[in-house]
């Protein structure tokens with residue numbers, strides 16, 4: 003988002019549900035900044051019951067497991083893109099600790115492989131459930 007909304011209110015960005023593209027998890031309100039999502043739900047195939055997607059865990063050489071999606075809100079779109087992919091690979095526990103330790107100004111919503119939702123405080127305060 004660059005510049006103010008013509009109606010002098012925050013921009014509302016919907017966060018897509020990673021397992022139902024016709025639903026949203028909720029809406030994020032921001033005045034400026036970037037929102038970037040990394041997920042396993044748009045570019046994937048299933049073989050022998052296993053989901054294969056494009057986000058590769060460098061430790062294994064295979065698609066990262068444990069997450070469905072990670073959305074990051076940041077003042078910088080490149081930072082948001084890098085962090086959404088990195089946190090997706092790290093998983094919930096390591097990812098949240100990493101963000102809180104190194105990027106406390108960044109907000110995040112993570113959906114793990116069980117569909118559980120995790121948020122940083124900075125994201126939660128701007129988020130409205132659908």
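In the working numbering, the protein residues as written are 3 to 132.
Idealized CB from N, CA, C, for every residue including glycine.
All figures in this text were calculated on a predicted structure; none of them were measured in a lab.
Report buried or exposed for residue i, applying the criterion of at least 16 other Cβ atoms within 10 angstroms of its Cβ.
i	result
residue 20	buried
residue 35	buried
residue 49	exposed
residue 55	buried
residue 42	buried
residue 37	buried
residue 89	buried
In chain order, what residues of the same chain lie with their CB nearer than 6 Å to the CB of residue i, ignoring the 5 residues before and after it?
i	result
residue 129	28, 30
Please report how far the alpha carbon of residue i lies from the alpha carbon of residue j, in whole angstroms.
i	j	result
residue 95	residue 101	10 Å
residue 70	residue 51	16 Å
residue 25	residue 18	6 Å
residue 6	residue 77	14 Å
residue 105	residue 97	11 Å
residue 63	residue 32	36 Å
With a cut-off of 8 Å on the beta carbons, I'd call residue i and residue j a contact; round off their distance for me.
i	j	result
residue 125	residue 75	6 Å
residue 57	residue 91	7 Å
ask   = With contact counted as at least three CB pairs below 8 Å, one residue from each stretch, are the region 9-16 and the region 78-89 in contact?
value = With contact defined as three or more Cβ pairs closer than 8 Å, the region 9-16 and the region 78-89 are not in contact.
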